[in-house]
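S.K.:
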Amino acid sequence: MAIPKKGSRSIPVNDINYRWLIRKKATYAQSDYGIGKLHVAIELEENPGTSLFIYTDRRHPNDIETEIVDPVKPSDITKWVKQALELEWIPSKKGKPFRTKIVNEKMELE
1 MAIPKKGSRS IPVNDINYRW LIRKKATYAQ SDYGIGKLHV AIELEENPGT
51 SLFIYTDRRH PNDIETEIVD PVKPSDITKW VKQALELEWI PSKKGKPFRT
101 KIVNEKMELE
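Numbering (full-length UniProt numbering), first residue to last: 1 to 110.
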């Protein structure tokens with residue numbers, strides 16, 4: 001499923017444009033259990049193939065235990081795209097989403 005243009009942002013990484021999105025509305029688990037983390041979806045802006053899903057280590061702002069919000073910045077997205085490419089994410093290839101998680105600032109396969 002393609003990332004909608006409305007609500008998403010474009011970012012160039014290594015001269016290739018990607019589109020990224022963080023779901024604005026918290027899921028039940030992200031807001032009510034104290035375990036809610038931000039999830040990010042990234043794909044090629046033109047002719048997207050496999051989407052990159054990232055389960056970040058950042059608390060969702062609506063999580064009941066969030067005291068300090070650590071936002072996801074464009075520099076984080078750039079870093080994570082580069083890390084995903086090192087983990088052999090091929091964004092132009094059609095297929096199942098490439099699922100990863102962030103642990104101690106490093107990306108790992110989910």
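From the three backbone atoms N, C-alpha and C, an ideal C-beta is built for every residue, glycine too.
Note that the structure is predicted; figures quoted are calculated from it, not measured.
On the DSSP bridge list, what partners appear for residue 103?
M.R.: Taking the sequence shown and counting its residues from 1, the one referred to as residue 103 is at position 103. Paired residue(s): 106.
S.K.: With 16 as the cutoff for other CB atoms within 10 Å, does residue 81 come out buried or exposed?
M.R.: Here residue 81 is taken as the residue at index 81 of the sequence shown, counted from 1. Flag for residue 81 reads buried.
S.K.: Short of 6 angstroms in beta carbon distance, which residues of its chain neighbour residue 95, apart from the five on each side in sequence? Order them along the chain.
M.R.: Start at 1 with the first residue of the sequence shown, and residue 95 comes out as number 95. Counting only Cβ-Cβ distances below 6 angstroms, and skipping sequence neighbours, we find 50.
S.K.: Among 13, 73 and 67, which has the Cα closest to the Cα of residue 91?
M.R.: Along the sequence shown, one-based indexing puts residue 91 at 91. Among 13, 73 and 67, the Cα nearest to that of residue 91 is on 13.
S.K.: Tell me which residue opens and which closes the alpha helix (DSSP H) that residue 79 is part of.
M.R.: As a working note, residue 79 is residue 79 in the sequence shown. Looking at the DSSP string, the run of the alpha helix (DSSP H) that includes residue 79 is 74-86.
S.K.: Taking Cβ positions, are residue 39 and residue 18 nearer each other than 8 angstroms?
M.R.: Stepping through the sequence shown from its first residue, residue 39 is reached at position 39. Stepping through the sequence shown from its first residue, residue 18 is reached at position 18. The answer is no: Cβ separation not under 8 angstroms.
S.K.: Just the C-alpha distance for residue 52 and residue 58, rounded to the nearest angstrom, thanks.
M.R.: As a working note, residue 52 is residue 52 in the sequence shown. As a working note, residue 58 is residue 58 in the sequence shown. Each residue's Cα considered, the two are about 17 angstroms apart.
S.K.: Thinking just about the alpha-carbon of each residue, which of 69, 108 and 72 is nearest to the one in residue 86?
M.R.: Start at 1 with the first residue of the sequence shown, and residue 86 comes out as number 86. The option with the nearest alpha carbon to residue 86 is 108.
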